[in-house]
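Scroll down for the structure; my scribbles are underneath it.
Here is the structure:
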């Protein structure tokens, strides 16, 4: 399992519209084969900053089953107009205790 972390800065004043677009697009992302869970969080100190957390079976599941498909195009068409800039996206692995 890998965790995708996307830091998303939204245009000031677009926070509610972005949240509504995320709610509309959630099924598109969550229904992707290889997607285990999806969670969006919003900054307290920086309310225009959101963090998307997605658990994937693998980086390939993210890239091949989502990014390279029309699902991504639909997703981006919904949320993209509210971006203040390109999101910062990275993948992470759990560190054993």
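Residue numbers (full-length UniProt numbering): 1 to 97.
From the three backbone atoms N, C-alpha and C, an ideal C-beta is built for every residue, glycine too.
Predicted model only: the values in this text are computed from it and were never measured.
Q | Outcome for residue 45 when other beta-carbon atoms lying within 10 angstroms are tallied against a minimum of 16 | A | Sequence index remark: in the chain shown, residue 45 carries index 45 (1-based). It is exposed - the Cβ of residue 45 has fewer than 16 other Cβ atoms within 10 Å.
Q | Proximal residues to residue 28 (C-beta, below 7 angstroms), its chain only, five neighbours per side dropped | A | Residue 28 sits at position 28 when you count from the first residue of the chain shown. Closer than 7 angstroms at the Cβ level, and outside the excluded window around residue 28, lie 71, 74 and 75.
Q) Considering only the beta carbon of each residue, do residue 84 and residue 7 sit closer than 8 angstroms? A) For the purposes of this step, residue 84 is taken as residue 84 along the chain shown, with counting starting at 1. For the purposes of this step, residue 7 is taken as residue 7 along the chain shown, with counting starting at 1. No.
Q: Let me know if residue 93 comes out buried or exposed under the rule of 16 or more other beta-carbons within 10 Å of its beta-carbon.
A: Position 93 of the chain shown, counted from the first residue, corresponds to residue 93. Exposed: under 16 other Cβ atoms inside 10 Å.
Q. So residue 58 and residue 25 are in contact, right, with Cβ under 8 angstroms, and what is the actual spacing, rounded?
A. Numbered from 1 along the chain shown, position 58 holds the residue referred to as residue 58. Numbered from 1 along the chain shown, position 25 holds the residue referred to as residue 25. That pair is no contact at about 22 angstroms.
Q.
Give me the residue from 63, 20 and 30 with the minimum Cα distance to residue 42.
A. Numbered from 1 along the chain shown, position 42 holds the residue referred to as residue 42. Ranking 63, 20 and 30 by Cα distance to residue 42 puts 20 first.
Q) If you compare alpha carbons, which of 47, 66 and 97 is closest to residue 36? A) As a first step, residue 36 must be located in the chain shown, where it is residue number 36. When only C-alpha atoms are compared, the closest one is 66.
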